[in-house]
Amino acid sequence: MTEVKQNNDEKHGSFEAFIDGNHAGLMTYTWAGEGRFIIDHTEVEEAYNGKGVGKEMVLAAVDFARKEGKKIIALCPFAKATFQKNEDLQDVLV
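1 is the number of the first residue of the sequence shown in UniProt numbering; add one for each residue after it.
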């Protein structure tokens with residue numbers, strides 16, 4: 001099971017994925033004003049490639065955006081592709 005933890009401050013943040021307590025991936029973002037943030041990088045540890053870790057972090061970002069009434073700008077190629085493939089996530093895009 002993938003556990004995703006969020007770290008957030010006034011300017012930057014991240015979603016960090018863990019599987020069985022092991023670091024599996026990291027997705028970083030930068031705040032772009034009060035109401036939106038830019039997903040700028042996603043990386044998954046090689047041992048966890050192809051296991052849905054990146055998508056879990058994108059889903060955590062979408063959940064956060066929906067709960068907080070924020071919008072997402074997906075600059076990271078992985079995040080951008082994930083949004084393009086999943087229309088049900090696109091409501092949070094700027």
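Note that beta-carbon positions come from the ideal geometry of N, C-alpha and C, so glycine has one too. Just so we're clear, the structure is a prediction, and the values are computed from it rather than from any experiment.
N- and C-terminal bounds of the alpha helix (DSSP H) containing residue i
i, result
"Val-58", "53-68"
Cβ-Cβ distance between residue i and residue j below 9 Å
i, j, result
"Gly-69", "Gly-35", "yes"
"Leu-26", "Phe-37", "no"
"Lys-11", "Thr-30", "yes"
"Thr-82", "Lys-55", "yes"
"His-23", "Cys-76", "no"
"Val-53", "Leu-89", "no"
"Lys-51", "Thr-2", "yes"
Distance between beta carbons of residue j and residue i, contact taken as under 8 Å
i, j, result
"Leu-59", "Ala-74", "With 8 Å as the limit, Leu-59 and Ala-74 do not qualify as a contact, their Cβ atoms being about 13 Å apart."
"Ala-79", "Ile-19", "Not quite, the Cβ-Cβ distance comes to about 20 Å (not below 8 Å), so this is no contact."
"Ala-32", "Met-57", "With 8 Å as the limit, Ala-32 and Met-57 do not qualify as a contact, their Cβ atoms being about 19 Å apart."
Three-way DSSP call (helix, strand, coil) for residue i in this model
i, result
"Val-44", "strand"
"Glu-87", "helix"
"Lys-80", "helix"
"Val-92", "helix"
"Lys-11", "coil"
"Glu-34", "coil"
First through last residue of the beta strand (DSSP E) which encompasses residue i
i, result
"Leu-26", "22-31"
"Asn-8", "2-8"
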